[in-house]
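In what follows, a structure is listed as structure tokens, so that the remarks can point back to it.
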Ligand SMILES: Cc1cc2nc3c(=O)[nH]c(=O)nc-3n(C[C@H](O)[C@H](O)[C@H](O)COP(=O)(O)OP(=O)(O)OC[C@H]3O[C@@H](n4cnc5c(N)ncnc54)[C@H](O)[C@@H]3O)c2cc1C
Ligand code: FES
Ligand code: FES
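Residue numbers (my numbering), protein chains in the order written: chain A, 329 to 588; chain B, 19 to 170.
Right, dumping it as structure tokens:
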């Protein structure tokens, strides 16, 4: 059960951040969809719906998505449908149900660094930065390693470059969490990005494999290297051993798709 | 705390606690078509339209619905689309216990506006979050496909 003492809907980010720091036990909420599944006491829930963080826009060569934008709005945006051959929009459609996506927000998806997240894996394989109110702009991979707790996710910025992109995942049914997921992309200068997530830990870049592909073009070997540089675990969805075995297969499928 | 919601086109002022979710508030106000199944965002029986978009009322904090428009099946009573969808489900025998029907009907209602000429695959993707424990999905799909064919 989640217990919320007080609710506050600020008009500006400054107000939101001030309350987040000054009230002990204050938390930002998206819709509360995920938060409610845990047992927590929150003294002040800060709802960002009125601070103007609900947008998807294209500026120069960057796609900017506001931190309080529901996933469903992003998925339906023409900008996202047109980006990366429509493949990013398809990743959104994998996330649970239409009804959940209409409320669950980008901020609530990325800030908690959820291990099972499909979106984090996908965004990591594209060039994505995140903008925090206090800690500023940083690459997503840096944010995932940092231990930032009290801050507000203001925006995510995806480099809108000519990248071929593929998202692969294994799940027991379409309506389920990924047992393992992998995302791969390559630009016209052969710079690859490879991420593996739901291991069940939060997604990570396969740096060794990305470096290997700078000099070599054996994708079978690259997939093996990527799979080997990750750690895996067991949870209710699958065992460590199973994940280890399917990881190179997913990466290889992704590489095959972007090379085509 | 007091919030204002326009429920089925009627402006209501409601006293809610900051911990309450929209589902419980709606049922408290006697909108009994809104069902409680899993209470964790999985089954879809609590679906309502918020500003015209289908959402899980069990997963929306009531306070965050302040200032928004909520539509339940009760609000669609005289809507021809609602009648056509429910008639199609009845005709195909897709309503054994009917517990899932309000959520399903609202999502089909929204799908009709969101998707133009969807394939069966696209319909299934859109409705993936509406679980049914007894009728099964074959009669539902038959009904929904017929409804789309007649209406397109
Ligand atoms: C039933 C269910 C199934 C799901 N299935 C999938 C799936 O298959 N694949 C997948 O990738 N994801 C899945 N998710 C996760 C989902 O996509 C969202 O990540 C999640 O629901 C968060 O939604 P929310 O915006 O309501 O966040 P909340 O629940 O409100 O918040 C979650 C956390 O994020 C923090 N937060 C929210 N916004 C901000 C912000 N702007 N800045 C800083 N912190 C913030 C909150 O403090 C809180 O700790 C699922 C979630 C649920 C509930
Ligand atoms: S009761 Fe809301 S999804 Fe099941
Ligand atoms: S008809 Fe009984 S749950 Fe669907």
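We put the CB at the ideal spot given by N, CA and C, even for glycine.
Amino acids of chain A, ordered along the chain, whose beta-carbon sits closer than 7 Å to that of residue i
i                    : result
residue 51 (chain B) : In chain order: nothing, as chain A lies at least about 16 Å away.
residue 58 (chain B) : 365
residue 65 (chain B) : 427
Check: residue i C-beta below 7 Å from any heavy atom of ligand 4
i                    : result
residue 63 (chain B) : Among the ligands in the structure shown, ligand 4 does not appear; only ligand 1, ligand 2 and ligand 3 can be found there.
Beta-bridge partners of residue i, as assigned by DSSP
i                     : result
residue 390 (chain A) : A:387, A:487
residue 548 (chain A) : Beta-bridge pairing links residue 548 (chain A) to no other residue.
residue 32 (chain B)  : B:21
residue 66 (chain B)  : B:73
residue 368 (chain A) : A:330
residue 495 (chain A) : A:511
residue 457 (chain A) : A:467, A:485
residue 564 (chain A) : Answer is none; residue 564 (chain A) lacks a bridge partner.
residue 533 (chain A) : A:523
residue 336 (chain A) : A:374
residue 87 (chain B)  : B:24
residue 418 (chain A) : According to DSSP, which records beta bridges pairwise, residue 418 (chain A) is partnered with nothing at all.
residue 398 (chain A) : A:433
residue 354 (chain A) : A:372
Within chain A, partners of residue i - CB distance below 8 Å
i                    : result
residue 78 (chain B) : 359, 360, 361, 431
Min CB distance residue i to chain A below 8 Å
i                     : result
residue 127 (chain B) : no
residue 161 (chain B) : no
residue 19 (chain B)  : yes
residue 100 (chain B) : no
residue 119 (chain B) : no
residue 62 (chain B)  : yes
residue 39 (chain B)  : yes
residue 104 (chain B) : no
residue 71 (chain B)  : yes
residue 112 (chain B) : no
Buried or exposed (CB count within 10 angstroms, at least 16 for buried), residue i
i                     : result
residue 562 (chain A) : exposed
residue 97 (chain B)  : exposed
residue 369 (chain A) : exposed
residue 582 (chain A) : buried
residue 502 (chain A) : exposed
residue 548 (chain A) : exposed
residue 445 (chain A) : buried
residue 580 (chain A) : buried
residue 381 (chain A) : buried
residue 111 (chain B) : exposed
residue 397 (chain A) : buried
residue 497 (chain A) : buried
residue 131 (chain B) : exposed
residue 522 (chain A) : buried
residue 70 (chain B)  : exposed
residue 476 (chain A) : exposed
residue 113 (chain B) : buried
Contact set between residue i and chain B, taken where Cβ atoms lie within less than 8 Å
i                     : result
residue 421 (chain A) : 143
residue 503 (chain A) : 146, 147
residue 330 (chain A) : 37
Within chain B, partners of residue i - CB distance below 7 Å
i                     : result
residue 446 (chain A) : Under the 7 Å cutoff, chain B gives no residues; its nearest Cβ is about 14 Å from residue 446 (chain A).
residue 333 (chain A) : 36
residue 428 (chain A) : 59, 74, 77, 147
Chain B contact for residue i (CB, 8 Å cutoff)
i                     : result
residue 425 (chain A) : yes
residue 454 (chain A) : no
residue 377 (chain A) : yes
residue 434 (chain A) : no
residue 381 (chain A) : no
residue 373 (chain A) : yes
Chain-ordered chain B contacts of residue i [CB-CB under 9 Å]
i                     : result
residue 354 (chain A) : None at all; the shortest Cβ gap to chain B is about 12 Å.
residue 507 (chain A) : Those within 9 Å of residue 507 (chain A) in chain B number zero; the least Cβ separation is about 18 Å.
residue 450 (chain A) : Result: empty, since nearest Cβ-Cβ is about 17 Å, beyond 9 Å.
* Does the count of Cβ pairs from the stretch 424–435 of chain A and the stretch 354–373 of chain A closer than 8 Å reach three? -> yes
* Are the stretch 157–169 of chain B and the stretch 106–116 of chain B in contact at 8 Å, needing three or more beta carbon pairs? -> yes
* To do: Indicate whether the contact test is met: 3 or more Cβ pairs, each with one atom in the stretch 478–494 of chain A and one in the stretch 447–466 of chain A, closer than 8 Å.
  => yes
* Asked: Are there three or more Cβ pairs, one per stretch, closer than 8 Å when the stretch 413–430 of chain A is compared with the stretch 386–403 of chain A?
  -> yes
* Could you tell me whether the stretch 337–351 of chain A touches the stretch 370–388 of chain A, where touching means 3 or more Cβ pairs closer than 8 Å? => yes
* Would you say the stretch 523–537 of chain A touches the stretch 25–38 of chain B, given that touching needs at least three Cβ pairs under 8 Å? -> no
* Counting Cβ pairs, one atom from each stretch, are 3 or more of them under 8 Å apart for the stretch 107–127 of chain B and the stretch 75–91 of chain B? -> yes
* Within the chosen definition, does the stretch 29–43 of chain B reach the stretch 72–84 of chain B through at least 3 CB pairs nearer than 8 Å? -> yes
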